[in-house]
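Since the structure comes first, as structure tokens, the remarks are kept for the end.
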Amino acid sequence: MDSTKSILSSARRFFSGTLLSRITGMLRDISMAFAFGTGESVAAFFIAFRLAHLLRRLLGEGALQSAFIPKFEELRSDNPERACRFFCDLYGLLTLVLVGIIAFAALTLGGVLKIFEINPSNREIITLSLLLTPSLLFICLYGLNASILQCEKCYFLPSVAPAAFNVVWIIGALILCWTQPESPMIWLSYFVAIACFCQWLITLPKTMKILYQHGIFQPWRRFDILSKDLALLAKPLFLGFVGVAAGQINNALDPLFARYASSEGPALLWYAIRIQQLPLALFGIALSGALLPPLTRALKAGDHSRYHAYLRFSIRQCLWIMIPMTLALFFFGKQGIQWIYCRGHFTEQSVTGTAQCLWAYSWGLLPMSLVLLLAPAYYAQGNYAVPAGASLISMILNVSLNSLMVIGLGLGPASVALATSISSWVNLVLLAALFKRSYASTPVPLADERL
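Take a look at the structure:
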């Protein structure tokens with residue numbers, strides 16, 4: 000049975016796997032900083048990586064996951080086999096959609112490179128985007144595997160799988176640093192594609208085992224992309240897409256604004272946000288990933304008291320962790336950057352620029368973490384419209400602030416990070432205010448702390 004203790008236990012398993020993933024992720028960033036620094040070529044690679052994986056949060060770990068888990072839990076409570084068939088149907092549909100997107104992107108980007116005269120820096124970005132796009136297939140299928148594993152209370156495996164991705168990337172970066180090929184970023188793109196495949200492959204055996212346990216032995220032959228259960232997913236998925244798309248547009252535009260401010264801007268943002276996202280992934284995403292399934296099950300059982308107890312408990316844990324983390328990033332961020340990155344091609348100037356971006360990002364750590372907890376509270380209710388609307392408003396504000404500070408006032412890349420933090424606070428305020436108003440007339444009993 001679910002309880003606050005089980006949520007904390009699940010979050011700990013998620014944390015332990017994520018810790019290994021983040022340690023290898025930090026080693027990956029150290030390898031990149033050592034091998035390539037913050038030069039224009041590596042900045043182009045980071046832009047291309049974000050553009051190529053723009054749909055990852057839509058079709059992988061974001062909107063699709065948030066829509067899938069409540070529906071899967073609903074079906075599983077009535078018929079576990081039907082829930083697994085729903086998973087197979089969605090898996091087949093997602094694969095077909097991704098193959099179509101990749102083919103379209105390859106034809107479009109290839110045509111642009113062949114037909115138009117493009118300056119060398121932009122040509123490099125488009126070429127790298129073309130090479131990185133196929134990896135989207137495996138990273139999105141990994142996200143769906145992770146969703147069903149979380150529903151089965153298997154949190155360690157999906158959270159540790161990115162470690163394989165990071166290890167392959169590290170090997171690629173170090174090999175390229177040693178061999179010094181003519182176009183290292185192109186070769187690195189191939190390593191990233193292999194890394195995405197490895198991340199997906201690690202979650203595949205356990206996913207297949209779950210399907211076998213429910214009598215589905217050849218899922219690739221038994222999917223129905225026109226099933227009624229998939230049709231019921233359309234509305235929440237669309238609203239989830241709107242919300243996540245807003246964040247992804249920000250992720251795509253931020254490095255472009257940073258590049259407008261400085262040729263090294265995208266690299267500075269990348270290294271800074273990797274440090275900021277370390278506590279966010281270890282604690283915020285761990286709590287969020289462990290929270291959605293039990294919230295959904297509590298509402299399915301009509302137990303609103305338990306639903307609110309889980310949410311309050313998670314928010315309280317988040318505050319205890321993230322407030323000290325925010326202060327640590329602000330006061331010790333530069334020393335941390337020097338210790339982590341300052342070697343090889345990563346200069347003192349790179350340290351200063353990255354530290355300025357990290358200071359700006361640090362103000363957004365707390366609201367980003369709380370949004371990760373409030374959004375599942377809406378998703379568990381089947382309410383995708385409010386998070387989508389809040390994200391859309393946040394996106395518009397972020398783009399407006401970037402335009403004002405970078406283009407209008409001529410500020411540096413750190414202003415892009417500051418705009419992200421400000422828009423995160425607005426997103427949080429909207430979600431919290433609307434959540435409170437939706438329960439203003441509903442008596443919510445004080446939950447037993449022993450839940």
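In numbering that gives the first Met the number 0, the protein residues as written are 0 to 450.
Backbone N, C-alpha and C define an ideal beta-carbon position, used for all residues, glycine too.
For residue i, the three-state DSSP class (helix, strand or coil)
i      : result
Ala300 : coil
Asp223 : coil
Cys153 : coil
Thr23  : helix
Ala431 : helix
Thr17  : helix
Ala418 : helix
Gln179 : coil
Gln275 : helix
Arg436 : helix
Tyr377 : helix
Leu391 : helix
Asn382 : coil
Pro79  : helix
Glu73  : helix
Ala160 : coil
Gly171 : helix
Pro293 : helix
His307 : helix
Leu410 : coil
Glu60  : coil
Leu286 : helix
Test item: CB-CB of residue i and residue j under 7 Å
i      : j      : result
Leu268 : Pro412 : yes
Arg27  : Asn165 : yes
Asp228 : Phe85  : yes
Val425 : Leu391 : no
Leu236 : Ala66  : yes
Ala251 : Ala42  : no
Gly91  : Ile185 : no
Ala376 : Val241 : no
Val167 : Ala194 : yes
Met31  : Ala172 : yes
Thr132 : Ala51  : yes
Ser368 : Gly283 : yes
Phe103 : Arg342 : no
Ala418 : Leu357 : no
Phe137 : Trp177 : no
Met394 : Leu364 : no
Leu290 : Ser313 : yes
Leu238 : Ala384 : yes
Ile490 : Ile114 : Look at the range of the chain in this structure, 0 to 450, and you will see that residue 490 is not part of it.
Leu130 : Ser188 : yes
Residue closest to residue i, alpha-carbon to alpha-carbon, out of the options
i      : options                        : result
Asn382 : Ala42, Ile336, Leu298          : Leu298
Phe48  : Leu255, Tyr340, Ile421         : Leu255
Arg258 : Ile406, Ala66, Arg21, Leu135   : Ile406
Ser146 : Leu400, Ile101, Ala62, Ile114  : Ala62
Gly109 : Ile124, Leu95, Leu97           : Ile124
Val350 : Ala43, Leu318, Gly332          : Gly332
Thr325 : Asp302, Arg315, Ala359, Ala308 : Ala359
Gln355 : Cys341, Leu318, Phe345, Ile336 : Ile336
Thr37  : Ser393, Phe155, Phe71, His344  : His344
Arg273 : Trp177, Thr23, Ser262          : Thr23
Ala260 : Arg305, Met404, Pro69          : Met404
Asp77  : Ser188, Gln275, Ala300, Ser182 : Ala300
Leu148 : Gly214, Phe35, Ile68, Phe190   : Ile68
Leu58  : Ile101, Phe45, Cys150, Ser188  : Ile101
Gly142 : Leu97, Phe115, Val370          : Leu97
Lys70  : Asp302, Met207, Leu231         : Leu231
His213 : Leu372, Cys317, Glu39, Pro79   : Pro79
Val370 : Leu286, Pro293, His307, Leu410 : Leu286
Met25  : Gln275, Tyr309, Ala389         : Gln275
Leu135 : Pro157, Glu116, Leu95          : Leu95
Asn144 : Thr126, Ile201, Glu116, Tyr340 : Ile201
Leu140 : Leu129, Arg55, Phe216, Leu127  : Arg55
Pro292 : Ala105, Leu74, Ser399          : Leu74
CB contact check: residue i to chain B, cutoff 7 Å
i      : result
Ile124 : Among the chains in the structure shown there is no chain B, since it carries only a single protein chain.
- Starting from the N-terminal side, write out each stretch of the alpha helix (DSSP H) that is 4 residues or longer and does not extend beyond the stretch 311-365. If only uninterrupted alpha helix (DSSP H) runs of at least 4 residues are considered, those enclosed by the stretch 311-365 are 347-361.
- Item | alpha helix (DSSP H) runs wholly inside the stretch 97-157, at least 4 long, in chain order | List check, alpha helix (DSSP H) in window: 119-131, 135-150.
- List in chain order: all unbroken alpha helix (DSSP H) runs of 4+ residues lying wholly within the stretch 192-268. Listed in chain order, the complete alpha helix (DSSP H) runs (minimum 4 residues) inside the stretch 192-268 are 227-231, 233-260.
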